[in-house]
Amino acid sequence: MLRSYLDFVRAVSLDRLGRVGVILVTTSFVSFMVMQVGMLLGVVTNAYVGLIVYLLFPVLFVLGLAIIPLAWYRQRKRTGKSIDELLEQSFGPEGVQGRAAGSRVFRTVAILTLANVLILGVASIKMLHFMDSAEFCGTACHSVMSPEWTTYQASPHAQVACVECHVGEGMGALVNSKLNGAWQMVSATFNLYERPIPTPVHQLRPARETCEKCHWPEKFYGSRLQTRTSYANDDQSTPRYTTLNLKIDPGAAGNSGVHWHVDPENEVRYASVDDRREEMIWVESRQPDGSVRRFVNTRLTVPDPEAEDLRTMDCVDCHNRATHIYEEPERAVDEQIRLGAINRELPYIRREAVKAVRGGYPSLEAAEQGIRAGLESFYRRSYPDKVSSWYDRIDQAVEAIVRIWARNIHPGMKIGWGAYPSFLGHSDTPGCFRCHNRDIRDAEGRWISDDCTLCHSILAYGESTPFAYLEPADEKARNRPMHEFLRDEFLTSIED
Amino acid sequence: MRNISLIVGICLVFSIGAFAAEDPKVAGACMTCHKEKSPGLYKQWFDSEHAAHSVTCLGCHQAKKGDADAFSHYDATIATLVTPADCGRCHPKEAEEVGNSYHASAGKILDSADAYLAHVAAGDPVAVLGCESCHGGKVEIDKSSPNKLARRSWPNSGIGRINPDGSLGSCNACHTRHSFAKAQARQPEACSKCHLGPDHPQKEVYEESKHGNTYFTNEELMNLKADSWVVGVDYAAAPTCASCHMSATKTQGITHDVGQRIAWTLRPPISKHKDNHEVKRANMQDVCTACHTRTFTDGHFYQFDASVRLYNEKFAKPATDLMKLVREKKLLENPAAFSNKIEWTYWELWHHEGRRARHGAAMMGPDYTWWHGFYDIAQHFYFKLLPQARDLGDPDVDAFVDQILSSDPMHKWVREQTEDLKKQIRAGEMQKIYTRFFEAEE
Numbered sequence: 000m001l002r003s004y005l006d007f008v009r010a011v012s013l014d015r016l017g018r019v020g021v022i023l024v025t026t027s028f029v030s031f032m033v034m035q036v037g038m039l040l041g042v043v044t045n046a047y048v049g050l051i052v053y054l055l056f057p058v059l060f061v062l063g064l065a066i067i068p069l070a071w072y073r074q075r076k077r078t079g080k081s082i083d084e085l086l087e088q089s090f091g092p093e094g095v096q097g098r099a100a101g102s103r104v105f106r107t108v109a110i111l112t113l114a115n116v117l118i119l120g121v122a123s124i125k126m127l128h129f130m131d132s133a134e135f136c137g138t139a140c141h142s143v144m145s146p147e148w149t150t151y152q153a154s155p156h157a158q159v160a161c162v163e164c165h166v167g168e169g170m171g172a173l174v175n176s177k178l179n180g181a182w183q184m185v186s187a188t189f190n191l192y193e194r195p196i197p198t199p200v201h202q203l204r205p206a207r208e209t210c211e212k213c214h215w216p217e218k219f220y221g222s223r224l225q226t227r228t229s230y231a232n233d234d235q236s237t238p239r240y241t242t243l244n245l246k247i248d249p250g251a252a253g254n255s256g257v258h259w260h261v262d263p264e265n266e267v268r269y270a271s272v273d274d275r276r277e278e279m280i281w282v283e284s285r286q287p288d289g290s291v292r293r294f295v296n297t298r299l300t301v302p303d304p305e306a307e308d309l310r311t312m313d314c315v316d317c318h319n320r321a322t323h324i325y326e327e328p329e330r331a332v333d334e335q336i337r338l339g340a341i342n343r344e345l346p347y348i349r350r351e352a353v354k355a356v357r358g359g360y361p362s363l364e365a366a367e368q369g370i371r372a373g374l375e376s377f378y379r380r381s382y383p384d385k386v387s388s389w390y391d392r393i394d395q396a397v398e399a400i401v402r403i404w405a406r407n408i409h410p411g412m413k414i415g416w417g418a419y420p421s422f423l424g425h426s427d428t429p430g431c432f433r434c435h436n437r438d439i440r441d442a443e444g445r446w447i448s449d450d451c452t453l454c455h456s457i458l459a460y461g462e463s464t465p466f467a468y469l470e471p472a473d474e475k476a477r478n479r480p481m482h483e484f485l486r487d488e489f490l491t492s493i494e495d
Numbered sequence: 000m001r002n003i004s005l006i007v008g009i010c011l012v013f014s015i016g017a018f019a020a021e022d023p024k025v026a027g028a029c030m031t032c033h034k035e036k037s038p039g040l041y042k043q044w045f046d047s048e049h050a051a052h053s054v055t056c057l058g059c060h061q062a063k064k065g066d067a068d069a070f071s072h073y074d075a076t077i078a079t080l081v082t083p084a085d086c087g088r089c090h091p092k093e094a095e096e097v098g099n100s101y102h103a104s105a106g107k108i109l110d111s112a113d114a115y116l117a118h119v120a121a122g123d124p125v126a127v128l129g130c131e132s133c134h135g136g137k138v139e140i141d142k143s144s145p146n147k148l149a150r151r152s153w154p155n156s157g158i159g160r161i162n163p164d165g166s167l168g169s170c171n172a173c174h175t176r177h178s179f180a181k182a183q184a185r186q187p188e189a190c191s192k193c194h195l196g197p198d199h200p201q202k203e204v205y206e207e208s209k210h211g212n213t214y215f216t217n218e219e220l221m222n223l224k225a226d227s228w229v230v231g232v233d234y235a236a237a238p239t240c241a242s243c244h245m246s247a248t249k250t251q252g253i254t255h256d257v258g259q260r261i262a263w264t265l266r267p268p269i270s271k272h273k274d275n276h277e278v279k280r281a282n283m284q285d286v287c288t289a290c291h292t293r294t295f296t297d298g299h300f301y302q303f304d305a306s307v308r309l310y311n312e313k314f315a316k317p318a319t320d321l322m323k324l325v326r327e328k329k330l331l332e333n334p335a336a337f338s339n340k341i342e343w344t345y346w347e348l349w350h351h352e353g354r355r356a357r358h359g360a361a362m363m364g365p366d367y368t369w370w371h372g373f374y375d376i377a378q379h380f381y382f383k384l385l386p387q388a389r390d391l392g393d394p395d396v397d398a399f400v401d402q403i404l405s406s407d408p409m410h411k412w413v414r415e416q417t418e419d420l421k422k423q424i425r426a427g428e429m430q431k432i433y434t435r436f437f438e439a440e441e
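From first to last, the protein sequence lines stand for chains R and X.
For the record, in the first sequence the residue sitting at position 422 is 421 according to numbering that gives the first Met the number 0, with numbers rising by one throughout.
For the record, in the second sequence the residue sitting at position 140 is 139 according to numbering that gives the first Met the number 0, with numbers rising by one throughout.
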């Protein structure tokens, strides 16, 4: 079997060019198979190998196959012999006996062609499948996609492939994404892309098709209790708690929470001055009875904008950073302190960590050095007697701060603090207040409520305990009216 | 003593009334949002004495439905504007004193020469920002404004603000919102929002004086936050503006009627004694003697009064008479006030350098008395006012000027020889011309 294959191969490679073709076909096929087995067995795991296996090998394979007939054609031209003569010369008279369809050569070529088609089919499916994998998206254009890949891996959607949100299903989506990908290859090669990359708000699949596969609005969400711990910039880095009971259920009429906006009963549409979707021109809601209430921005900062971005509100209008989450430095530091990665026993560590992580460093190496130098010099200068016993803690803090920096800052893509702000809530950006504010009014002069307790009950707001307002109020406390008001509001809200 | 108990009693009754009117539930809602949306405002209030005494948002901002500036804000009817009448619900004594003070009448400047000049020479926005910011404007109601206050007239924290409820003034001119601290009003910075600049440089005079000097050197010894702040008892390092003009001494209570210790009014072209000036002078001397002996303060006022009379007699009266003559004879080219150069010269003579000189003398600022004061007056009198008057080419005016320069012993020097004048100074003859200012009794 092997011998007859080798004989065939020898015979088919007429000249040097033909031999190159044969070698390409054979080596790429064998390598493909070996790597495939390796990957199936879990021996080969490197994501870059996928690029070689599923992109390079099939290409070489096809190239080799194309070269072989080319060599034959060239040989015929050069020698002036007919194909029959050449065939007989290579395979001997017994090979071509029976002529055309009956000959041994024909049978061998036919079998091999079938095999090739099969191999190519499998390789193509494998290739498409590989190109759908997050590893491909995240690492193929390494320098460009690195920030998104980094944040994706740390996100709640790390188990959902990029294409599930960015490409979607169906032939149209596939073709679209491949055309887009081709253009991206060109722009990456010739350095035509913007830094930082603008959020692809228009290319994103509609949330109805993507997000709602897992998070559907009819689901009962109830309310969600969330405590945010922040630390003061004092020597103790004193913890301060803010606890919100977020009213997130779509809810029934008159008792709705934040997800009212995406309840199938409602439709909220808006026009914003540009596709950053930060400043509204108007916003309107269609009520179940079909009537529409429109609220118009009476304080536009852009005179006479053309309604550039007209949208029906869906998940991403608030959850615009559901996956590629860039943190705020203060909050990232607070979180590392809370997790114990930054030790609060170091005096002023919160203040110093924020200062260090905010330093403008040109590269990761510079950040590592700068953060270390900043922290060590502060403690050496301020606590010369104690610093020697704190080195381990300082080391640990430096590592945590560098991790924060590396996750959020990408100088190559010009991503610094605040490059991609989040619309969720109202701490990074106006968020909810983009529409819920008193400048946006309907014909009767009413505005969309911006009442604090509309979307959340507040059980502590920068207090020393996480449920401060559920505790009895101190008679002399200066904020006693607020304490009691918020306690009562919460208790009433959970009764309903 | 009985008076004080009565006042305290009234305060208590009023305060209980005011607190009872507050719905703590509504105040709690106010705090919730404002802590988030205007955290600085919330923090100022939180750290204030008001917060310590359970005076919350509604204590000051609650309004009645019919009030001109009342508007509906979430579940409450409130007013943005808090007037002395509102503050007076808990602080009736202070509100009454403020109402009687010269400060409260500062808004009436709107018909004065200053306001006229701002309107004609500059324009309305300057009248709003330049004049009314300090003097206080008339707060107008605009029904279409979210808080019912017209934007042209609000914000305004001028000390003589004319409020829609008829009250005059604005407590936060000195007790800046939302901490309303006593300590802040006790510091010279509270006054120097307005009392500074070319026409009334009280701040600069104070900074130059020994009083300012010691204050800025010893600020930490001033006990500014103490409840009781009696000069010589609770602090002694230095006096501030408030110490002399308002705060308590061992014998005088604190007053918000800021003119009660001032004998002269140094504001007009020719200085005048105020009504009951002897009592007012005694009030001031009482403050001085917390730190100085009587002979020391007597000496100061002897020197100060002499320089005021000198200003009046040597420059203010002849200049004023000259201008009167010029106007009576209709010698000016343009009809409107301030449309002729000589009017600006005369104006600055008394309104700018004239006041600088007098305030410098009043508050121990040597440089303001002389270089920024009398030196500028003299230069502008001899080399601007008189030549500009002569340029009008009127024989009566010429005669008037000649009469000043040749027969008034204070001005005759202009036509004499330097050596002779020096001899007169060395011999003490020149000084004798001015003896009458030290000894004058009025």
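Just so you know, even glycine gets a beta-carbon here, dropped at the ideal spot from N, CA and C.
Look at X/T31: its C-beta is under 8 Å from a C-beta on chain R. Taken atom to atom, the span from the alpha-carbon of X/A335 to that of X/N155 is near 30 Å. When secondary structure is reduced to three states using DSSP, R/Y419 falls in the coil class, being assigned neither helix nor strand.
Looking from the CA of R/R357, the closest CA among R/R227, R/V11, R/I400 and R/M170 belongs to R/I400. Here DSSP, grouped into helix, strand and coil, assigns R/W215 to coil. For R/V295, the enclosing beta strand (DSSP E) starts and ends at V291 to N296. In this structure, R/R350 places its C-beta atom within 8 Å of the C-beta atom of R/N232. Annotated as distal: X/N311 and X/I376, with beta-carbon spacing of 8 Å or more. The alpha carbon of R/E211 has as its nearest neighbour, out of R/E163, R/G424 and R/V282, the alpha carbon of R/E163. Around the C-beta of R/A442, fewer than 16 other C-beta atoms lie within 10 Å, and the residue is accordingly described as exposed.
Taking a contact to require three or more Cβ pairs closer than 8 Å, the segment 222-236 of chain X and the segment 309-325 of chain X do not qualify as touching. Close to chain X, meaning a Cβ-Cβ distance shorter than 8 Å, are the following residues of the segment 470-486 of chain R: R477, N478, R479, P480, M481, H482, E483, F484 and L485. Against chain R, the beta carbon of X/F70 has no neighbour under 8 Å; the closest one sits roughly 12 Å away. In terms of Cα proximity to X/H174, the closest of X/P200, X/V97 and X/D233 is X/V97. With a beta-carbon spacing of about 17 Å, X/A356 and X/F437 fall beyond the 8 Å limit used to define contacts.
For X/M283, the enclosing alpha helix (DSSP H) has its first and last residue at H276 to C287. Nearest neighbour of R/Q88 by Cα position, chosen from R/M38, R/R194, R/R9 and R/R320, turns out to be R/R9. Note on geometry: alpha-carbon atoms of X/D85 and X/G65 lie some 15 Å from one another. In the three-state scheme derived from DSSP, where H, G and I count as helix and E and B as strand, R/R268 is classed as strand. No Cβ of chain R is located within less than 8 Å of the beta carbon of X/T239. Per DSSP, R/T107 lies in no beta strand (DSSP E); the unbroken alpha helix (DSSP H) holding it starts and ends at R103 to M130. Boundaries of the alpha helix (DSSP H) around X/S406: P394 to S406.
Along the segment 306-332 of chain R, there is no position whose C-beta sits under 9 Å from a C-beta of chain X. Identification of chain X residues near R/I457 by a Cβ-Cβ cut-off of 7 Å yields T31, ordered along the chain. Among the residues of chain R, those whose CB is under 7 Å from the CB of X/A28 are F484, following chain order. Taking a contact as a CB-CB distance under 8 Å, the pair X/H177 and X/L40 counts as one, their CB atoms being some 5 Å apart. Under the DSSP assignment, X/Q201 falls in the alpha helix (DSSP H) whose first and last residues are Q201 to E207.
Under DSSP, R/Y378 forms no beta bridge with any residue.
DSSP places R/G461 in the uninterrupted beta strand (DSSP E) bounded by H455 to E462. In this structure, the CA atom of X/H351 is about 25 Å from the CA atom of X/L330. Boundaries for R/N244: no alpha helix (DSSP H) harbours it, while the beta strand (DSSP E) harbouring it runs P238 to K246, taken from the DSSP string.
Residues of the segment 55-68 of chain X with a C-beta atom less than 8 Å from some C-beta of chain R are T55, listed in chain order. Within the same chain, Cβ atoms closer than 8 Å to the Cβ of R/T311 are found at E266, V267 and R268, the five residues on either side in sequence being excluded. By the Cβ-count criterion, R/S142 is exposed, with fewer than 16 other Cβ atoms from all chains shown falling within 10 Å of its own Cβ. If you look at R/T26, you'll find it in the alpha helix (DSSP H) that goes R15 to L39.
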